[in-house]
Amino acid sequence: MSTTVESSSQRTADEVNEEIRALWRRSGGTLSVEQREEYQRLVLEWAAAAPQSAPAA
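For the sequence shown, the positions run 1 to 57 when full-length UniProt numbering is used.
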């Protein structure tokens with residue numbers, strides 16, 4: 001399974017974060033192999049969607 005984030009994703013970081021939280025709730029706190037793969041994909045998508053902070057001066 002590829003962990004590449006698709007550039008066409010238009011979801012916000014908040015939307016992806018909610019999906020990550022839902023995945024953890026559904027799993028009961030222990031992720032299966034398939035769920036870990038989904039989690040990794042979601043984290044990469046979240047990072048790509050998260051606003052970039054300005055560098056400190």
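Where is the CB? At the ideal position from N, CA and C, for every residue including glycine.
Computed from a predicted model, the values in this text were never measured in an experiment.
Using three-state DSSP, classify residue i as helix, strand or coil.
i     : result
Leu31 : coil
Gln40 : helix
Arg25 : helix
Glu49 : Checking the displayed sequence, the identity of residue 49 turns out to be Ala instead of Glu. Reduced to three states, the DSSP call for Ala49 is helix.
Would you mind stating whether residue i and residue j have Cβ atoms separated by less than 9 angstroms?
i     : j     : result
Val16 : Glu45 : yes
Ala50 : Ala13 : yes
Gln35 : Ser27 : yes
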